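>
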Amino acid sequence: MASENAKIGVKTLFDILPDQVQEKILSLIEPTRARNSASVVCRRWRILERKTRSSLSLRGNVLSILDPSSISLADFPSLSSLDLSTLSPWGRVSSHSPLLTHPILSQKLPCVTSLTFYAHDPIAQEFLSNWPNLKRVKLLRFHISPTDPNIIAQSYLCPLFQNCTKIQELDLSEFCCCWTEAVTDAIVKNKPVAEGLTSLNLILGNASNGFRASELLSITAVCKNLRQLIAPCLSNPRYTDIVSNNDTLVKLATNCRHLTTLHLVDLNDNYSQESNPSVIAAANLETLLSLLPLVTDFSLNLYHPILDVGPALETLGHHRTNPIKSLKLGNFRGVCKGESSHLDGVSLCGELEFLSLKNCFDMSDDSLVAIAGGCNRLTKIEIIGCFLVTELGVQQLALGLRKTLKDFSLSNCGRISIEPLVKALKPLRGQLQRLHIDCAWIEPESKKEMHDILDEKNTSNGLREPGKWENLHELSLRLCAGQKLTPLLQIGLHDCPNMSSITIKVKGDLGVKPPSGTFNLEILSKFHNLSKLKLDLDMTTCNVLDYLFGTQVIYQSPWEEFYLVGIDKLLSLRELDYWPPQRMLPANGLSWQERLLFKAKNQRTLSPKGARLINGCFGLRNLVIHGTTDQDSMMPFSRMLYLRDAQLREDCYPTIDNDESTEMRTELCRRFELVLNDRWLQD
1 MASENAKIGV
11 KTLFDILPDQ
21 VQEKILSLIE
31 PTRARNSASV
41 VCRRWRILER
51 KTRSSLSLRG
61 NVLSILDPSS
71 ISLADFPSLS
81 SLDLSTLSPW
91 GRVSSHSPLL
101 THPILSQKLP
111 CVTSLTFYAH
121 DPIAQEFLSN
131 WPNLKRVKLL
141 RFHISPTDPN
151 IIAQSYLCPL
161 FQNCTKIQEL
171 DLSEFCCCWT
181 EAVTDAIVKN
191 KPVAEGLTSL
201 NLILGNASNG
211 FRASELLSIT
221 AVCKNLRQLI
231 APCLSNPRYT
241 DIVSNNDTLV
251 KLATNCRHLT
261 TLHLVDLNDN
271 YSQESNPSVI
281 AAANLETLLS
291 LLPLVTDFSL
301 NLYHPILDVG
311 PALETLGHHR
321 TNPIKSLKLG
331 NFRGVCKGES
341 SHLDGVSLCG
351 ELEFLSLKNC
361 FDMSDDSLVA
371 IAGGCNRLTK
381 IEIIGCFLVT
391 ELGVQQLALG
401 LRKTLKDFSL
411 SNCGRISIEP
421 LVKALKPLRG
431 QLQRLHIDCA
441 WIEPESKKEM
451 HDILDEKNTS
461 NGLREPGKWE
471 NLHELSLRLC
481 AGQKLTPLLQ
491 IGLHDCPNMS
501 SITIKVKGDL
511 GVKPPSGTFN
521 LEILSKFHNL
531 SKLKLDLDMT
541 TCNVLDYLFG
551 TQVIYQSPWE
561 EFYLVGIDKL
571 LSLRELDYWP
581 PQRMLPANGL
591 SWQERLLFKA
601 KNQRTLSPKG
611 ARLINGCFGL
621 RNLVIHGTTD
631 QDSMMPFSRM
641 LYLRDAQLRE
651 DCYPTIDNDE
661 STEMRTELCR
671 RFELVLNDRW
681 LQD
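If you want it as structure tokens, here you go:
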């Protein structure tokens, strides 16, 4: 129709609009695929789309570009954010590609101020010298290096500060290869640049230990203008120089008076459930918050509990010119008692929009009722490890927040099982957009009497009309190893017409043999708009079978067949992220060094059977395997008609350097992607 109109000179209504109006309309389009579709309508739209694009993520194998000066790169005058972290071969492109060290990218994209790249080889000096105007940088790294982690940090952070003197935001949330001491030294030694930093994310991926008190104080002493600080902290009293003392927090707040976001989190999941409280008192917590009047996003999660924090939290709702909008509390006591329908503690923070409560063991149903009554602007809430909470409290919370709540997450609450939970959430069925559930799928026998209270025929609970989950488009589930997906449609989540994304994470020991039947992945075909699936088996371990075929070792896993059978029935699926299960380590006979090497080399491997099952997913356009496989298993993906992008990523820590035992060798990756890109695509 468009070509016919062009031939006869007919102008559509959109053509009559001025370029400025069309440009504004195109700038409002966010999905990448929608923007790409708009750019191929006509030459005029292509120019306008390029003119309005603000972010770009480059894909493809950079080894095919031998002469960077010869490439034709479209002009993106408004492009400010560039992501190079997913280039192929993933995690190994820097030392092999002249594209990254050549100034062609910075010349063609002069307005880029935000850059994300994978830090694999120490060539940062040459690479970063082409980007002197960067203001935001995110570094990724999962590979183990044979060198000292201190050297790795110095190889990237010091050149970054030396070449990018205007940097304001540094994100190291997925920079997994260095120690906290190395990061501290790099920041402190570059004081002039550190003074200009306004945002620091120092999570460091899977760091086993957080920053010590002296390290955090050294960082904040030179970063006086910080507005956002996110850092793991060491608060276990078995160590020295820990963060959980009053002086550390007060000095930190004194160093950075302009903070609007402060997250201090102990990454150790083995929190103390003893009555022995933290050294930090509730009164000192109140002092900390009074020294940070601009904070609107606060998170504190320590090893030992902080007792009687209710009065300190009440001050957040009464005596602040900038009210708290986001609050994450871990291992706190007295957050909200909710006695006699009385509002206290966090329920008096009426401006809250996001609330996360983790391991608050005295939280009860009455507490949730009070929170629903006082925090009536909440759009997102997380409840994690609160063992006194039941589905009755969740139901009252849902009734109180049925006009505002859009994102609900519940994990590890021992008194709640999934079917009563979904019934309790039915007041939110027309409002909820994202739902995360991590609880028991089989209801305990002792709780059968709770069903009558939540029965749909009961008119007093607001659950008479089942209705549809009209706005629910993201669902996240956590299942135990060997559990089947069959109950999903029986618990009340069968009618979700707009469900577009599902994440399934399985955890536990899979053992040797799967149960009879399959995981029943095909039941997800009931969600006709499901376009994105994440199936994560990374937290599972299984015994594997290896056998020799000629000179090649073939890997077999019966569990992959159990979980992937039926994926070909998901006709609307366009994107798949898959984490294969981990191989189980031998029980005896390995030193800890050999165990680390074994884990790094063989942590996640896609079996040939799993590859064939994924190959049957007809409409798949984007495929990411978060692990390894052999070349023979990978090549059939090139015969998938609509597949546009397929990649292998060893994005787990630790990932070994120079892994030549699998297809992750760069030459094999290059050959596969050449075959994939040389195909003729119907669309």
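Position one of the sequence shown corresponds to residue 1 (the UniProt record's numbering), numbered consecutively onward. All C-beta atoms in this analysis are idealised placements derived from N, C-alpha and C, irrespective of residue type, glycine included. Just so we're clear, the structure is a prediction, and the values are computed from it rather than from any experiment.
Less than 7 Å between the C-beta atoms of Ala231 and Leu202, yes or no?
If you number the sequence shown from 1, residue 231 lands on position 231. If you number the sequence shown from 1, residue 202 lands on position 202. Yes, these two residues count as a Cβ contact at 7 Å.
> If I follow the unbroken alpha helix (DSSP H) through Ile280, where does it start and stop?
Counting from 1 along the sequence shown, the entry for residue 280 is found at position 280. Unbroken run through Ile280: none, as it is neither H nor E.
> With DSSP collapsed to three states, give me the class of Thr296.
Locating residue 296 in the sequence shown gives position 296, where the first residue counts as 1. Coil at Thr296, not helix or strand.
> May I ask which residues mark the beginning and end of the beta strand (DSSP E) holding Val137?
One-based indexing of the sequence shown puts residue 137 at position 137. Arg136 to Arg141 is the extent of the beta strand (DSSP E) around Val137.
> Going by beta-carbon coordinates alone, are Leu570 and Gln631 separated by less than 7 Å?
Walking along the sequence shown from the start, residue 570 turns up at place 570. Walking along the sequence shown from the start, residue 631 turns up at place 631. No, Cβ-Cβ distance for Leu570 and Gln631 is not below 7 Å.
> DSSP state of Tyr303, grouped into three classes?
Position 303 of the sequence shown, counting from 1, holds the residue named residue 303. Strand, per DSSP.
> Three or more C-beta pairs under 8 Å: does that hold for the region 572-585 against the region 612-632?
In short, these stretches touch, since the Cβ pair count reaches three.
> Among Gly350, Leu291, Ser525 and Phe76, whose alpha-carbon lies nearest the alpha-carbon of Ser500?
Within the sequence shown, numbered from 1, the residue matching residue 500 stands at position 500. Comparing Cα-Cα distances from Ser500 to each of Gly350, Leu291, Ser525 and Phe76, the minimum goes to Ser525.
> Which of helix, strand or coil does DSSP assign to residue 691?
Nothing in the structure corresponds to residue 691, since the chain is present only between 1 and 683.
> Taking the alpha-carbon of Leu82 as reference, which of Ala312, Thr52, Asp75 and Thr116 has the nearest alpha-carbon?
Along the sequence shown, one-based indexing puts residue 82 at 82. Out of Ala312, Thr52, Asp75 and Thr116, Thr116 has the C-alpha closest to the C-alpha of Leu82.
> Considering Tyr118, what are the terminal residues of the beta strand (DSSP E) in which it resides?
Residue numbering aside, residue 118 sits at position 118 when the sequence shown is read from its first letter. Unbroken beta strand (DSSP E) run through Tyr118: Ser114 to Tyr118.
> With the cut-off set at 7 Å, would you say Leu234 and Leu200 are in Cβ contact?
In the sequence shown, residue 234 corresponds to position 234, counting from 1. In the sequence shown, residue 200 corresponds to position 200, counting from 1. Cβ distance not < 7 Å, so Leu234 and Leu200 don't count as in contact.
> In the DSSP assignment, the beta strand (DSSP E) including Gln647 goes from what residue to what residue?
Residue mapping note: residue 647 aligns to position 647 of the sequence shown, counting from 1. Per DSSP, Gln647 belongs to the beta strand (DSSP E) from Asp645 to Leu648.
> Report yes or no: do three or more beta-carbon pairs, one from the region 343-350 and one from the region 285-296, lie closer than 8 Å?
No, because fewer than three Cβ pairs between the region 343-350 and the region 285-296 fall closer than 8 Å, the two stretches do not touch.
> In whole angstroms, give me the CA-to-CA distance for Leu510 and Thr518.
One-based indexing of the sequence shown puts residue 510 at position 510. One-based indexing of the sequence shown puts residue 518 at position 518. Their backbone Cα atoms lie some 14 Å apart in a straight line.
> With DSSP as the reference, label Asp344 as helix, strand or coil.
Here residue 344 is taken as the residue at index 344 of the sequence shown, counted from 1. Asp344 falls in the coil class under three-state DSSP.
> Would you tell me roughly how many angstroms separate the C-alpha atoms of Leu267 and Phe142, rounded to the nearest one?
The sequence position of residue 267 within the sequence shown is 267, counting from 1. The sequence position of residue 142 within the sequence shown is 142, counting from 1. Distance between the alpha carbons of Leu267 and Phe142 is about 18 Å.
> Could you please give the first and the last residue of the uninterrupted beta strand (DSSP E) stretch that includes Gly330?
Here residue 330 refers to the residue found at position 330 of the sequence shown. Segment Ser326 to Phe332, the beta strand (DSSP E) holding Gly330.
> Got a sec? Which residues, its chain only, sit under 6 Å from Arg136 by beta carbon, not counting five neighbours each side?
As a first step, residue 136 is located in the sequence shown; it is residue number 136 there, counting from the start. Here the set comprises Ser114 and Glu169.
> What does DSSP give as the partner residues of Lys358 in its beta bridges?
The residue labelled residue 358 in the question sits at position 358 within the sequence shown. Lys358 pairs with Gly330 and Ile384.
> Run through the DSSP bridge pairs and tell me what Met539 is partnered with.
Within the sequence shown, the letter at position 539 stands for residue 539. According to DSSP, which records beta bridges pairwise, Met539 is partnered with Lys507.
> Of all the options Cys413, Ala182 and Gly373, which has the alpha carbon lying nearest to the alpha carbon of Ile383?
The residue labelled residue 383 in the question sits at position 383 within the sequence shown. Of the candidates Cys413, Ala182 and Gly373, the one whose C-alpha sits nearest the C-alpha of Ile383 is Cys413.
> Counting C-beta neighbours from all protein chains within 10 Å, is the total for Asn163 16 or more, i.e. buried, or is it exposed?
Against the sequence shown, residue 163 aligns to sequence position 163. Flag for Asn163 reads buried.
> Taking the Cβ atom as the reference point for each residue, do Asn322 and Leu294 lie within a distance shorter than 7 Å?
As a working note, residue 322 is residue 322 in the sequence shown. As a working note, residue 294 is residue 294 in the sequence shown. Result yes, Cβ atoms of Asn322 and Leu294 sit closer than 7 Å.
> Only counting the same chain, and skipping five residues up and downstream in sequence, which positions put a Cβ closer than 8 Å to that of residue 695?
This structure gives no information on residue 695, because the portion of the chain shown stretches from 1 to 683.
> What do you reckon, are the CB atoms on Leu87 and Val62 nearer than 7 Å?
Against the sequence shown, residue 87 aligns to sequence position 87. Against the sequence shown, residue 62 aligns to sequence position 62. For Leu87 and Val62, yes; Cβs fall inside 7 Å.
> Looking at the structure shown, is Leu56 part of a helix, part of a strand, or coil, going by DSSP?
The residue you call residue 56 lines up with position 56 of the sequence shown. Looking at Leu56 - three-state DSSP - the assignment turns out to be strand.
> If you draw a straight line from the C-alpha of Arg649 to the C-alpha of Cys178, how long is it?
The residue you call residue 649 lines up with position 649 of the sequence shown. The residue you call residue 178 lines up with position 178 of the sequence shown. One C-alpha to the other measures close to 20 Å.
> By a C-beta neighbour count over all protein chains shown, 10 Å radius and 16 as the cutoff for buried, is Ser54 buried or exposed?
Residue numbering aside, residue 54 sits at position 54 when the sequence shown is read from its first letter. Flag for Ser54 reads exposed.
> Please go through the same chain and pick out, in chain order, the residues whose beta-carbon is closer than 8 Å to the beta-carbon of Leu489, but skip the five residues on each side of it.
On the sequence shown, position 489 is the one that residue 489 refers to. Same-chain partners within the cutoff: Ile523 and Lys526.
> Is the beta carbon of Val389 closer than 7 Å to that of Ile491?
Numbered from its first residue, the sequence shown carries residue 491 at position 491. Numbered from its first residue, the sequence shown carries residue 389 at position 389. Result no, Cβ atoms of Ile491 and Val389 do not sit closer than 7 Å.
> Mind checking which residues open and close the alpha helix (DSSP H) that includes Thr180?
As a working mapping, residue 180 is identified with position 180 in the sequence shown. Its alpha helix (DSSP H) spans residues Thr180 to Lys189.
> Just the C-alpha distance for Glu181 and Phe354, rounded to the nearest angstrom, thanks.
In the sequence shown, residue 181 corresponds to position 181, counting from 1. In the sequence shown, residue 354 corresponds to position 354, counting from 1. Distance between the alpha carbons of Glu181 and Phe354 is about 33 Å.
> Relative to the C-alpha of Gly508, which candidate in Lys534, Ala370 and Cys542 has its C-alpha closest?
Counting from one through the sequence shown, the residue named residue 508 turns up at place 508. Taking only the C-alpha atoms, the option nearest Gly508 is Cys542.
> What first and last residue would you give for the beta strand (DSSP E) that runs through Phe175?
The sequence position of residue 175 within the sequence shown is 175, counting from 1. Phe175 -> beta strand (DSSP E) spans Glu169 to Phe175.
> For His304, is the classification buried or exposed, using 16 other Cβ atoms within 10 angstroms of its Cβ as the cut-off for buried?
Your numbering for residue 304 matches position 304 in the sequence shown. Answer is buried; the Cβ neighbour count reaches 16.
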